[in-house]
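What follows is a set of notes on a single structure, which appears directly below.
Chains as they are written, first to last, in my numbering: chain A, 3 to 216; chain B, 51 to 535.
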């Protein structure tokens, strides 16, 4: 029975049916399936399949986002239980579009997908200064700082964030991921970031790798 | 609105067709087949004093034009409608017929084997934008005398799509007809649901050979559609001008049309061709030349003027490998042909002046065909007026990735090619192996061929086909047919 519900949950999540995901999550809670089991083996397992299918070109970005929206519909029911049972997320990520840059669609997509993978996301929005990034990471005890830029003129701000953390002698407390159309692996290495993520799925994979390695 | 392309205005079309009538009436056409000559003279055509040239009057030509169908349909081996050839409908088919096959490993041309043809036929089942198959190349592991019918045999056995083919041996047509009769069950069924189109080629200038003209007659009698493939070569065996070449093409094609329609009024035909600009520097006939493509589109307009469905060998390349030239010549031709509304566009998979067939190119060309099909759907409004609420949603959400409007229209509005076409950013491209077009095409070929597919045709029909082919093979010195694995 447990497996049936969880299998169904992963299946409806793949179709992006938010109502069905919500109903099945409630049913799973009513059936006293463990909160963490529902999250890991139902919702996150479903999102993992969706991510893989996206990577293989079997589904497209809107499909991915519909699944993420359905994921949230289920997560809403689990959130109070997660808090009550003190179940921690696998990791915390502070994200934002760097100072001087107003382009936040890519950053938002990464945020959605990170949450879909079970991570806690602190979204600082756009036009975020180096100080705001570093302060938020310290305050929330984040694992990863994720920075986004679309303009070549704002890319140097990413280096300033890492330099500021270095200056405050807290650089190694966090991992740094960067993303955005004009960026590259080379640029990420040059500024001392840990990874350049070329799309939402690669960002999730990077963060998973960092958290696993902790 | 369907986008359309035109090279000829009405006045020029009338000048070309009138000139063709004049030439057919006064210069005539050379025919190397006595029964065809008799057929024409029995219907009032005049014969030259040496008995070789036949002169066709405007009235006789008009009679043939009047009985020619403005469209016809092709059906797969299961009897399902596959292609409606008429109007501005566009269907693609692989080029034919190559003597060589591009080896995937060495990237060098070689003679093809039966195993290569089986891979081709299986792959063709998965080429979703290429409606019909063709007997695209010959294999050299059977007797030469059956190399035309053997291709058709393999195609019928291993791919359900209808077939563009042709006979080039003395007995070829009869065997090929019998193979199709075995598939359909009766002559009536074959005529009512054609499974093939036969090429019949006049010889430039203004000539029909014995076998070719006989094929036109035999096809008309059997109800098998014919594509006339006139091949005037500018400045060599045709005038140097594109207009003059179009006049010659019209003469040669009209003469075939008269043979066909006098044999059997209403016989289905395609106003086709494979003309080319002759490259006097290399003594070659470039199919990828812009002039060649313009002649193709031009004669298509003449075919449309006569309300006859059209065909052309266009959307292929003279490159020797799957390189940039192969891509640009093919996509330029396929795009022009689609815009011109050529009903049956033959070319996919073909390289090197129609001499070399490549499976990798076929896979790429399938994507080119897919893109042109999208282009032909044009730009149409789809819940775009009024747009206020959609833009309000865009402003409030910051994107429309999951808007209902997007979800509803994404797949009919936006064409997404397969992974053969590189759309990754550089990092993802690298992560996925940094593979070349050729490597991506090979991967897709192997994926398709590895798929489980139902067998085409019933075991009884398969057996009957095998019996017909084996009988012919034995007549031509073979003990058995090549083993099919």
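Even glycine gets a Cβ: it sits at the ideal position worked out from N, Cα and C. All figures in this text were calculated on a predicted structure; none of them were measured in a lab.
query                                                                                                                                                                         : result
Is there a Cβ from chain A that is less than 8 Å from the Cβ of residue 469 of chain B?                                                                                       : yes
Name, please, each residue of chain B whose Cβ falls closer than 7 Å to the Cβ of residue 64 of chain A.                                                                      : 451, 452, 456, 457 and 460
Kindly indicate the opening and closing residues of the beta strand (DSSP E) around residue 331 of chain B.                                                                   : From DSSP, residue 331 of chain B is part of no beta strand (DSSP E); its letter is neither H nor E.
Just verifying my parser: in three-state terms, what is the DSSP assignment at residue 461 of chain B?                                                                        : helix
Can you list, in chain order, the stretches of the beta strand (DSSP E) that have 3 or more residues and sit fully within the stretch 122-192 of chain A?                     : 122-125, 146-150 and 177-181
Quick one: give me the first and last residue of the beta strand (DSSP E) that residue 56 of chain B is part of.                                                              : Run containing residue 56 of chain B: none; DSSP gives neither H nor E here.
Cα separation between residue 195 of chain B and residue 201 of chain A?                                                                                                      : 58 Å
Taking the alpha-carbon positions, what's the residue 195 of chain A to residue 47 of chain A distance?                                                                       : 29 Å
Could you compute how far the alpha carbon of residue 29 of chain A sits from the alpha carbon of residue 188 of chain A?                                                     : 48 Å
If you drop the 5 nearest sequence neighbours on each side, which residues of the same chain put their C-beta closer than 6 Å to that of residue 27 of chain A?               : 76 and 79
Taking 8 Å as the threshold, find out whether the stretch 212-230 of chain B comes into contact with the stretch 430-450 of chain B through three or more Cβ pairs.           : no
For residue 68 of chain B and chain A, any beta-carbon pair shorter than 8 Å?                                                                                                 : no
Which of helix, strand or coil does DSSP assign to residue 29 of chain A?                                                                                                     : helix
Scan the stretch 477-489 of chain B for residues whose Cβ lies nearer than 7 Å to a Cβ of chain A and list them as they occur along the chain.                                : 477 and 478
Which class does residue 144 of chain B belong to by DSSP, given the choice of helix, strand or coil?                                                                         : strand
Which residues in chain A have a C-beta closer than 7 Å to the C-beta of residue 527 of chain B? List them in chain order.                                                    : In chain order: nothing, as chain A lies at least about 50 Å away.
Does the Cβ-Cβ distance between residue 246 of chain B and residue 289 of chain B come in under 8 Å?                                                                          : no
8 Å is my cut-off, CB to CB: does residue 405 of chain B come that close to chain A?                                                                                          : no
Compare the C-beta of residue 83 of chain B against all C-beta atoms of chain A and say whether one is closer than 8 Å.                                                       : no
Go ahead and pull the three-state DSSP assignment for residue 533 of chain B.                                                                                                 : coil
Any beta carbon of chain B sitting closer than 8 Å to that of residue 198 of chain A?                                                                                         : yes
Keeping to the same chain, check which residues put their C-beta closer than 6 Å to that of residue 424 of chain B; ignore five residues upstream and five downstream.        : 465
Please list the partners that residue 186 of chain A has in chain B, where partner means a Cβ-to-Cβ separation under 8 Å.                                                     : 476 and 477
Report yes if the CB atom of residue 1 of chain A is closer than 8 Å to the CB atom of residue 156 of chain A, and no otherwise.                                              : What is shown of chain A runs 3 to 216, which leaves residue 1 of chain A out entirely.
Any idea if residue 161 of chain B is buried or exposed, counting beta-carbon neighbours within 10 angstroms, 16 or more meaning buried?                                      : exposed
According to DSSP, is residue 325 of chain B helix, strand or coil?                                                                                                           : coil
Once DSSP output is grouped into helix, strand and coil, what is the label at residue 400 of chain B?                                                                         : strand
Three or more beta-carbon pairs under 8 Å between the stretch 350-358 of chain B and the stretch 308-317 of chain B, yes or no?                                               : no
Starting from the N-terminal side, write out each stretch of the alpha helix (DSSP H) that is 4 residues or longer and does not extend beyond the stretch 438-511 of chain B. : 438-447, 454-463, 476-481 and 487-500
How would you list, in chain order, the residues of chain B whose beta-carbon sits under 7 Å from the beta-carbon of residue 59 of chain A?                                   : 469
Looking at C-beta atoms only, is the number of pairs between the stretch 62-70 of chain A and the stretch 121-133 of chain A that lie closer than 8 Å three or more?          : no
Report buried or exposed for residue 85 of chain A, applying the criterion of at least 16 other Cβ atoms within 10 angstroms of its Cβ.                                       : exposed
Return the first residue and the last residue of the alpha helix (DSSP H) that residue 56 of chain A is part of.                                                              : 47-57
If you pair each beta-carbon of the stretch 137-156 of chain B with each one of the stretch 100-113 of chain B, do three or more pairs fall below 8 Å?                        : no
Would you call residue 53 of chain B buried or exposed, if buried means 16 or more other Cβ atoms sit within 10 Å of its Cβ?                                                  : exposed
If you measure from the beta carbon of residue 225 of chain A to each beta carbon in chain B, is any gap under 8 Å?                                                           : The structure shown has nothing for residue 225 of chain A, since chain A only spans 3 to 216.
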